[in-house]
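In our numbering, the protein residues as written are 17 to 296.
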């Protein structure tokens, strides 16, 4: 079944001068305009496309990636406003409608607001700035230490409220904020604590990395992204180190020494290697 407002893998069923039609089930043939048809596309090919409604409320496909899909939260800029609502820039030619009734307070042109995208009662894709009503109030199945995506939501006296995995509310306490963050930013984080009252604490750094300095954390994150290996070492040139990490060779060597002492990495003639150990 085709999911409106999301990416789908659809089969090419007809080729025409102005594009190709894709199998849309109950929606019928869905047009992918010629300008977006991949080179060499043939009947029977399967394409990954985003399906939405055009200005005539007809389903249409695109290979462009919008900033948000149905069921997700995002921070979007207000492009226009009128008496019935606002229109948000979500990266597609047809702007996303934010009804006035779904605005806790009126939004203004140029403003960024955090919204959740949904299918309204008429079957159209729309946005809601009433974030709370879409958050999971039960007990989401997260685990302490689990890596999660975070959307910075708003500030409180305790720190920053965040939206975890487009599903639940969490809090990033002030003492766990190690860099400049603002509402609307998407960052990676970790589940710090699951409270008995259902509230969730999150953190930016991997559990156990709290005692290493910022450059060492940067190196650890790099190693994790690069399957545990970095070709640079304390013998690398200052220019090479600066180009990858943006720090001096002296600072880089100090970070390496810190991590070597804690048994988090090892170094040989090929470079640096991540060791499966945690910081106590």
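Just so you know, even glycine gets a beta-carbon here, dropped at the ideal spot from N, CA and C.
This one's a predicted model, so the numbers in the text were calculated from it and none came from an experiment.
Only counting the same chain, and skipping five residues up and downstream in sequence, which positions put a Cβ closer than 7 Å to that of residue 238? In the chain shown, the residue the question calls residue 238 occupies position 222. The beta carbon of residue 238 sits closer than 7 Å to those of 246, all from its chain and outside the five residues before and after it, given in chain order.
Against chain B, does residue 254 count as a neighbour if the rule is that its beta carbon must be under 9 Å from one of theirs? No chain B is present in this structure, which holds just one protein chain.
Using 8 Å for Cβ pairs, my map puts residue 136 next to residue 145. What's the rounded Cβ distance? Counting from one through the chain shown, the residue named residue 136 turns up at place 120. Counting from one through the chain shown, the residue named residue 145 turns up at place 129. 14 Å between Cβ atoms; not a contact.
Please classify residue 91 as buried or exposed, where buried requires at least 16 neighbouring CB atoms within 10 angstroms. Here the question's residue 91 lines up with position 75 in the chain shown. It is buried - the Cβ of residue 91 has at least 16 other Cβ atoms within 10 Å.
Indicate whether residue 188 and residue 167 have their beta-carbon atoms separated by less than 9 Å. For the purposes of this step, residue 188 is taken as residue 172 along the chain shown, with counting starting at 1. For the purposes of this step, residue 167 is taken as residue 151 along the chain shown, with counting starting at 1. Between residue 188 and residue 167, the gap from beta carbon to beta carbon reaches 9 Å or more.
What does DSSP give as the partner residues of residue 238 in its beta bridges? Position 222 of the chain shown, counting from 1, holds the residue named residue 238. None; residue 238 has no bridge partner.
Identify the continuous beta strand (DSSP E) that holds residue 259 and give its terminal residues. Taking the chain shown and counting its residues from 1, the one referred to as residue 259 is at position 243. Residue 259 -> not in any beta strand (DSSP E); alpha helix (DSSP H) instead, spanning 254-261.
Short Cβ contact (9 Å threshold) for residue 50 with residue 39: Counted from its first residue, the chain shown places residue 50 at position 34. Counted from its first residue, the chain shown places residue 39 at position 23. Going by C-beta atoms, residue 50 is not nearer than 9 Å to residue 39.
Per DSSP, the bridge partner or partners of residue 246: As a first step, residue 246 must be located in the chain shown, where it is residue number 230. Beta-bridge pairing by DSSP links residue 246 to 288.
Assuming contact is defined by CB atoms lying nearer than 9 Å, are residue 119 and residue 93 in contact in what I supplied? Taking the chain shown and counting its residues from 1, one reaches residue 119 at position 103. Taking the chain shown and counting its residues from 1, one reaches residue 93 at position 77. No, they are not a contact pair.
Identify which residue in 60, 18 and 72 has its Cα closest to the Cα of residue 66. Here residue 66 is taken as the residue at index 50 of the chain shown, counted from 1. Among 60, 18 and 72, the Cα nearest to that of residue 66 is on 18.
Rounded to whole angstroms, how far is the Cβ of residue 169 from the Cβ of residue 147, which I believe are closer than 8 Å? If you number the chain shown from 1, residue 169 lands on position 153. If you number the chain shown from 1, residue 147 lands on position 131. About 7 Å separates the two Cβ atoms, so the contact holds.
With 16 other Cβ atoms within 10 Å as the buried cut-off, status of residue 59: Position 43 of the chain shown, counting from 1, holds the residue named residue 59. It is exposed - the Cβ of residue 59 has fewer than 16 other Cβ atoms within 10 Å.
To which residues of the same chain is residue 254 closer than 8 Å at the C-beta, ignoring the five residues directly before and after it? Along the chain shown, read from residue 1 onward, the residue named residue 254 stands at position 238. Cβ contact annotation for residue 254 (same chain, cutoff 8 Å, sequence separation greater than five): 264 and 265, in chain order.
If you reduce the DSSP assignment to three classes, tell me which class residue 212 lands in. Mapped onto the chain shown, residue 212 falls at position 196. In this structure, DSSP gives residue 212 a state outside helix and strand, which the three-state scheme calls coil.
Starting from residue 96, follow its DSSP beta bridges and name the residues at the other end. The residue you call residue 96 lines up with position 80 of the chain shown. Beta-bridge pairing links residue 96 to 103.
Please list, in chain order, all residues of the same chain as residue 179 whose beta carbon is under 6 Å from its beta carbon, the five residues on each side excluded. As a position in the chain shown, residue 179 is number 163, starting the count at 1. Excluding sequence positions up to five before and after residue 179, its CB lies within less than 6 Å of the CB of 89, 167 and 169, all in the same chain and listed in chain order.
Tell me the DSSP secondary structure of residue 51 in three-state form. For the purposes of this step, residue 51 is taken as the residue at position 35 of the chain shown. Reduced to three states, the DSSP call for residue 51 is helix.
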